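Student:
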Amino acid sequence: EKQAALVRCIGDYYSASDTASLRQVLSTIMARAVAPAQIEVQAWAGTVNVTRQAEIEIVKSTGEIVQSSRTAQDPPIVRAQVDEGQYIARGRLLVGSQVLTAQATGIVAKPGQTSLVRLDFGPLDGKVRVTARASGQDVSDRVDIRVLEAGRPVTASWSGIPPTTRLQAGDYTVVVTHRQYPELTRTAMATVQTGRDAYVDVDLGELPAALEVTVTYRGAIMSNLCQLSVLAPGQAAQVIRNTADGRVFRWTSTPGVYDLNVMYRDVVAADKAVLGVQLAGGRTTNITVNLDDILGTLRTRVVAGGRDVAADAKVTALGRDGKLELPYAAGFRQALVTPGVYAVGAVYRDTESDSYEAYVKPGEITDLTIEVKLPGRIAIIPTVEGKPMRPDKLRAWAYLDGASVGNDVAQSDRVEIVVPEGKYNIVGEISEPFAQRREAPGIQVRAGETVQVKMNFDPAGLLRVKLVSDGKPFTEAGVAVYFHGTDDWNWMDEAARGVWEMKVP
103 EKQAALVRCI
113 GDYYSASDTA
123 SLRQVLSTIM
133 ARAVAPAQIE
143 VQAWAGTVNV
153 TRQAEIEIVK
163 STGEIVQSSR
173 TAQDPPIVRA
183 QVDEGQYIAR
193 GRLLVGSQVL
203 TAQATGIVAK
213 PGQTSLVRLD
223 FGPLDGKVRV
233 TARASGQDVS
243 DRVDIRVLEA
253 GRPVTASWSG
263 IPPTTRLQAG
273 DYTVVVTHRQ
283 YPELTRTAMA
293 TVQTGRDAYV
303 DVDLGELPAA
313 LEVTVTYRGA
323 IMSNLCQLSV
333 LAPGQAAQVI
343 RNTADGRVFR
353 WTSTPGVYDL
363 NVMYRDVVAA
373 DKAVLGVQLA
383 GGRTTNITVN
393 LDDILGTLRT
403 RVVAGGRDVA
413 ADAKVTALGR
423 DGKLELPYAA
433 GFRQALVTPG
443 VYAVGAVYRD
453 TESDSYEAYV
463 KPGEITDLTI
473 EVKLPGRIAI
483 IPTVEGKPMR
493 PDKLRAWAYL
503 DGASVGNDVA
513 QSDRVEIVVP
523 EGKYNIVGEI
533 SEPFAQRREA
543 PGIQVRAGET
553 VQVKMNFDPA
563 GLLRVKLVSD
573 GKPFTEAGVA
583 VYFHGTDDWN
593 WMDEAARGVW
603 EMKVP
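For what it's worth, the working numbering labels the leading residue of the sequence shown as 103, then goes sequentially.
(1) Sorted by chain position, which residues of the same chain lie with C-beta nearer than 6 Å to Glu159's C-beta, five sequence neighbours on each side aside?
(2) Give the secondary structure of Ala413 by DSSP, where H, G and I count as helix, E and B as strand, and everything else as coil.
(3) Which residues mark the beginning and the end of the beta strand (DSSP E) in which Trp609 is found?
(4) Taking buried to mean at least 16 other C-beta atoms within 10 Å of its own C-beta, is His280 buried or exposed?
(5) Using 8 Å as the cut-off, can you tell me whether the segment 513-530 makes contact with the segment 477-491, which would need three or more C-beta pairs spanning the two stretches below that distance?
(6) Kindly give me the distance between the Cβ atoms of Leu438 and Val370, rounded to whole angstroms, as I take these residues to be in contact under 8 Å.
(7) In its own chain, which residues sit with a C-beta less than 6 Å from the C-beta of Tyr301, not counting the 5 before and 5 after it?
(8) For Thr577 and Arg599, which I take to be in contact (beta-carbon distance under 8 Å), what is that distance rounded to the nearest angstrom?
(9) Leaving out five residues before and five after Asp273 in sequence, what residues of the same chain have Cβ atoms less than 6 Å from its Cβ?
(10) Ser457: which of Arg451, Tyr430, Gly447 sits nearest, CA to CA?
(11) Leaving out five residues on either side along the sequence, give the residues of the same chain with a beta carbon under 8 Å from the beta carbon of Thr453.
(12) Which residues does DSSP list as the beta-bridge partners of Ser506?
(13) What does DSSP give as the partner residue(s) for Asp515 in the beta ladder?
(14) Using the Cβ count rule (16 or more neighbours within 10 Å means buried), how would you classify Ala562?
(15) So what's Ser117 in DSSP terms, helix, strand or just coil?
(16) Could you tell me which of Thr266, Thr287, Gln140, Ile179 sits nearest to Val152, measuring between CA atoms?
(17) Express the C-alpha separation of Pro607 and Lys495 in angstroms, rounding to a whole number.
(18) Distance, Cα to Cα, Glu103 vs Asp120?
(19) Please name the residue, chosen from Arg422, Leu428, Leu420, that lies closest to Ala412 on a Cα-to-Cα basis.
(20) Rounding to the nearest angstrom, what Cα-Cα distance links Asn509 and Glu487 in this structure?
(21) Does the Cβ-Cβ distance between Thr316 and Val350 come in under 8 Å?
(22) Taking the straight line between their C-alpha atoms, what separation do you get for Phe434 and Ala372?
(23) Below 8 Å, can you find three or more Cβ-Cβ pairs linking the segment 535-543 to the segment 567-581?
(24) Give me the Cα-Cα distance between Ala445 and Ala500, rounded to the nearest whole angstrom.
(25) Spatial neighbours of Arg401 within its chain, please: C-beta separation below 6 Å, excluding the five flanking residues on both sides.
(26) Can you look up Arg479 in the DSSP assignment and give me helix, strand or coil?
(27) Three-state secondary structure (DSSP) at Lys489?
(28) Looking at Val507 and Glu518, is the spacing between their C-beta atoms short of 8 Å?
(29) Taking only the alpha-carbon atoms, compute the straight-line gap between Ala312 and Ile389 and give it to the nearest angstrom.
(30) Which residue wins for smallest C-alpha separation from Asp303, given the options Val241, Ala234, Ser217?
(31) Whole angstroms is fine: what's the gap from Thr588's alpha carbon to Thr552's?
(32) Pick out the complete beta strand (DSSP E) segments inside the segment 375-447, 3 residues or longer, and give them in chain order.
(33) Apply the 10 Å Cβ neighbour rule to Trp591 and answer buried if 16 or more other Cβ atoms are within range, or exposed otherwise.
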């Protein structure tokens, strides 16, 4: 009864009492019998139609592959006429060396109908992340990256740390270069797969090693007075230049172990070696070389007459490095010297001091005060009856404890005697216009000072001699006077006809 109640029409069963459905089916029976079912497939990868590049198959539920064709339109369509039933569409897409697959199932084909199928391979690109190391450090933020595909440059926009970009699936050559040290470069291969991250990890090798050397003495920077040489095993020594400010030596080289030699060059020369300095790539090794163990300070004051005269004096020190002249700095004659014993002396205003002994210890300041005993000067200003006289007519002596000291030297208006500090008796003597001797006792002379002694020669009276002959002035004669205690005769001046005069003590 049930079967009698159903009517089969083109593979479908309808209720015999459902006349409306039967009438509709019968009205389309010819179209359905003549027009077969169709399946149309297009392949996509993200937003890109890849139907032309993909291999597409339409398969029956039994596994049998249906014959299909690719249209000539752009983009093309893979089309197949099929019997009524269920089908599967599957595709393969070659991207570089990678084969992508996609599949669409549950495709129902009905006569007279076209089933549209979208075969989705997913996005064709993937992420590439580059990590770079050098000397064991992550330098990913300090590299430039180039991408090549089959030798051709590929534009890539890198961002983030580590640098990341998106590339179409495929095989690439990635060239990584350190920005600061372009000689550090490496090449790596990267295969980009759709929807996956590709990691490129490169080791750029050893970064250059940096060295900074500061030279000090007693806490003060002395680099500007030094030279630095660096010696690596099997290599010639390299002399390193100082920086513009003179405070530090900077040098960059390959990592390794080096020997340093600091050469102090000023008043004396002194060297100090620092052996076995390890320099690591990508790092700055700071070294402070202290010269306290090879140098000491010799600092001198020079006084003369109770005054500090260091600025105008010359100070020398005789030691194992020879004779050194100490420069003037900060109110002293001073220099850094090698430790040891020195004989130190000063010269001020052509006067030499006694020799002093100084023992200079390493890293310490040795202070020394040098006294220059300047001579004094006695300036004797002679006059006759209160009027200036020619200094070369005066002979003078300075007596200390009964002994004559110094030599008299006639100047334009005086006679000077240079003598050591002390108390003197000054004696002056003239022979013209009359013979007279004067003495100035107890004259105190101080170092470096000039004492004036005014010495006035004044006769006690006037000796006048008149010569007459036959009651008339006689002029054809000369008159001389002999003074007791002297060996010379002193001729008198003719004051008038037959009159001779002389001032006498």
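By construction, the Cβ of each residue, glycine as well, lies at the ideal position given by its N, Cα and C atoms.
Keep in mind it's a predicted model, so treat the numbers as computed, not measured.
Tutor: On the basis of the supplied data:
(1) Ile167, Arg192
(2) helix
(3) This structure leaves residue 609 out entirely; the chain is present only between 103 and 607.
(4) buried
(5) yes
(6) 7 Å
(7) Arg231
(8) 6 Å
(9) Gly198, Ser199, Thr293
(10) Gly447
(11) Ala406, Val474, Lys475, Leu476, Pro477
(12) Tyr501
(13) In the DSSP output, where bridge partners are listed per residue, Asp515 has none listed.
(14) exposed
(15) strand
(16) Ile179
(17) 17 Å
(18) Unreliable placement is indicated for Glu103, whose pLDDT of 45 sits below 50; the coordinate value is still reported in the next sentence. The alpha-carbon atoms of Glu103 and Asp120 are separated by roughly 16 Å.
(19) Leu428
(20) 26 Å
(21) yes
(22) 22 Å
(23) no
(24) 34 Å
(25) Phe434, Gln436, Ile467, Asp469
(26) strand
(27) strand
(28) no
(29) 11 Å
(30) Ala234
(31) 33 Å
(32) 386-392, 398-406, 416-421, 424-427, 434-439
(33) exposed
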